[in-house]
Every structure is written in C-alpha cells, then in structure tokens.
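Visitor:
Residue numbers (the numbering used here): -12 to 340.
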C-alpha cells in the first residue's frame, strides 16, 4: 500500500503508513494547571504539508519508541481525529493520534526531500487583520532585541499571581512586536542561554495568539508555544545582515517593581503626606513607602518621557552626524522609551507634597 500524504488525511481515518519529518516536539501542560498534556509533534511531508500529531497523556508512559526532532520516520498504524481545538496549531481539518500500537521507523537516508520546518509565519503588518477571527495559532520570525525575565504579576481575572516573561522582536523594517509568555513557558524560558549566544539572536516563536493591549497589537504565548533559535529559513541571511550592527545585542530589562495586591496593602503601614515630607530621600532610596492620597495635579515641566539606556535607564545622547544614540556608561545602545511622571499628591491633612 502506498504511503498516505498529509493533504489526503481526513478526520476519523486509519492511516496504515505515512512518511514525515518531525518539525518540532513539545510537552505542554494543560492550561492553567501543572498537569502534563501528552507529547505533541508537528509533522511535515515531502509535499510541504503539515499536521499536528499527539501522543495522549494516557498513552505517553507506554509509547516507548518516541520520535526525535528533525528526523524522518515511516509511521505505521495511527488514527486521525477532528481538529476541533479552539485554536489550531496547524491549519488542517484533522490531527493524528498515536498510541502504543503506532510504530515509528527512522529513515536513514539523509538526502530526504522533506523540508526541515513547518511554520505559519505572518509579517507584523498582517497581525492586525487576523486578530478578530483567529482560528489558527500563528508564528512570527525576527530578531530578539530585549527580554524582561520571568516575574510574578497579579492576574485580576484569575485572582492569583502568575509568571510572566516579555520578549521584544523586530523585523527588517525595525518594527517591533511584544511577545508575552505566561506560566510554565515563562518559568522555563532560558534567558542565560539566549545571552550566551552570539548576536544577532534570530528566532521563530510558534503557536501565538494575537491580542491587543493599550491599542497596540501584542502576541500572547500558549501552552503550545516554542522558540526555535536561528532556523535555516530563506529570510535568515537578510536578517543577519541587517541586525549585525552595534547595539543589536539582546538587552535584559529590569523586572518592574512588584505591584502589591489589595490584600497585601491592607496590612501595610501607611504614611501621611506630612510624614513623607520629613523622610530623607537618601535613606529611603529604592525602599517602597505606602501612602493613601489623591493626585492633585500632574507636572510636565521637564517633559514626560525620554530615550533611555536599557541597562542603566539614563538618558541617551544623540551622536553627532549620526542616527545612533549612546550612553556614557554603556556606549551605543538601541533606545527604549522611559516615562517620568511628576505628580502633586494630597491627603486632606496637610499641604500638598
């Protein structure tokens, strides 16, 4: 019997034999839990078609002959299921289900015509059009410009603390998009491994949801999100040429100050505005102080934002006869906007501060 091609697979079908490359593998956890959700694959065949395949968690312990990423296999005896997930990893009407009866035989011929990767890549300019009716999770490619390492934030709709990690990606036009990883993905993101690589750091982030925050498109990771560093795709060399300039090294951003929850604030000692006026700023540098007051007015006498150094946050200076900006301490840097807000507060007990 001739092998089945991926484009010919329909839901609820028995596949006797097929040949495919393992484009990627991941072992996710179920959403918002610590429970593993099987072993997942993206498979691609010689026609360039891809499909999502799963070893269910109940079968995972008994399927001992698992496949390896990047290798080509002849796969025998598996079933297809309807691809009815709320968001599809691959745009195919079916996904494959493997169990202990499924057999994987590695193909030793290294000259296989099967492509190495299967991505659903979108340009940054296409994201806005896809956000309203997204069914298929999307992938993006670019240069990693900055990383805010994992930190704990309070998620209001869940009423609990959650891990969060933010990555900024740039395309060839130097447009950027922010990718937010949550939960297990944020905790497992290896910032040190990224730092140890030579720049530029080019990567594909897979299986992302398109969201909007403060009227700007952002991308949110899912439990299927993977980061593939420096994949050999056609646009790689053009990106390497563009991002081999001074200042294109990855910036590790400072973790923002942890915002206290209402419960935590309830028991925290509070100072009046009058008491704030009597504090020595040098003694309280980088020490949080709690005060219940209202904002009387904002002052913009010294401008409300500036181009800052991503390392020390000091204001960058424009180089003469150049578009580059430099920091006294950290030399040429890609500027990041920093905001400075001056406010006058009152608590009704004393004069404004």
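Backbone N, C-alpha and C fix where the C-beta goes; we use that ideal spot for every residue, glycine too.
At which residues does the alpha helix (DSSP H) containing residue 262 begin and terminate?
Guide: Numbered from its first residue, the chain shown carries residue 262 at position 275. Segment 260 to 264, the alpha helix (DSSP H) holding residue 262.
Visitor: Taking the Cβ atom as the reference point for each residue, do residue 305 and residue 293 lie within a distance shorter than 8 Å?
Guide: Taking the chain shown and counting its residues from 1, one reaches residue 305 at position 318. Taking the chain shown and counting its residues from 1, one reaches residue 293 at position 306. It is not a contact, given that the beta carbons lie outside the stated cut-off.
Visitor: Thinking C-alpha only, which one of 167, 6, 179 is nearest residue 198?
Guide: Translated into positions along the chain shown, residue 198 becomes position 211. Here the closest residue by C-alpha is 167.
Visitor: Can you tell me the Cα-Cα spacing of residue 165 and residue 98, whole angstroms?
Guide: Here residue 165 is taken as the residue at index 178 of the chain shown, counted from 1. Here residue 98 is taken as the residue at index 111 of the chain shown, counted from 1. Taking the straight line joining both Cα atoms gives about 38 Å.
Visitor: Quick check on the DSSP output: the beta strand (DSSP E) that includes residue 199 runs from which residue to which?
Guide: The residue you call residue 199 lines up with position 212 of the chain shown. That run of the beta strand (DSSP E) goes 189 to 200.
Visitor: Assuming residue 183 is part of the beta strand (DSSP E), what are its boundary residues?
Guide: For this step, residue 183 is matched to residue 196 along the chain shown. From DSSP, residue 183 is part of no beta strand (DSSP E) but of the alpha helix (DSSP H) over 178 to 183.
Visitor: Would a C-beta distance cut-off of 8 Å place residue 313 and residue 321 closer than the cut-off?
Guide: Here residue 313 corresponds to residue number 326 of the chain shown, with the count starting at 1. Here residue 321 corresponds to residue number 334 of the chain shown, with the count starting at 1. Not closer than 8 Å, so no.
Visitor: According to DSSP, is residue 150 helix, strand or coil?
Guide: For the purposes of this step, residue 150 is taken as the residue at position 163 of the chain shown. Residue state, collapsed to three classes: strand.
Visitor: If you measure between the beta carbons of residue 193 and residue 106, is that distance less than 8 Å?
Guide: In the chain shown, counting from the first residue as 1, residue 193 sits at position 206. In the chain shown, counting from the first residue as 1, residue 106 sits at position 119. Contact: yes.
Visitor: Measuring from the CB of residue 204, is there a heavy atom of the ligand HEM at a distance below 7 Å?
Guide: Of ligands this structure carries none, so the ligand HEM is not represented either.
Visitor: Would you decide whether residue 295 is buried or exposed? Buried here means 16 or more other CB atoms lie within 10 Å of its CB.
Guide: In the chain shown, residue 295 corresponds to position 308, counting from 1. Burial call: buried.
Visitor: Can you give me the C-alpha to C-alpha distance between residue 392 and residue 9, rounded to a whole angstrom?
Guide: The structure shown does not extend to residue 392, since the chain is modelled only from -12 to 340, so the question has no answer here.
Visitor: Would residue 227 pass as a contact of residue 189 if the rule is Cβ separation under 8 Å?
Guide: Taking the chain shown and counting its residues from 1, one reaches residue 227 at position 240. Taking the chain shown and counting its residues from 1, one reaches residue 189 at position 202. In this structure, residue 189 lies closer than 8 Å to residue 227 by Cβ.
Visitor: Compare the Cα-Cα distances from residue 109 to each of 217, 121, 175 and report the closest residue.
Guide: Within the chain shown, numbered from 1, the residue matching residue 109 stands at position 122. That would be 121, whose Cα lies nearest to the Cα of residue 109.
Visitor: Could you check where the beta strand (DSSP E) with residue 326 kicks off and where it finishes?
Guide: Translated into positions along the chain shown, residue 326 becomes position 339. Its beta strand (DSSP E) spans residues 323 to 326.
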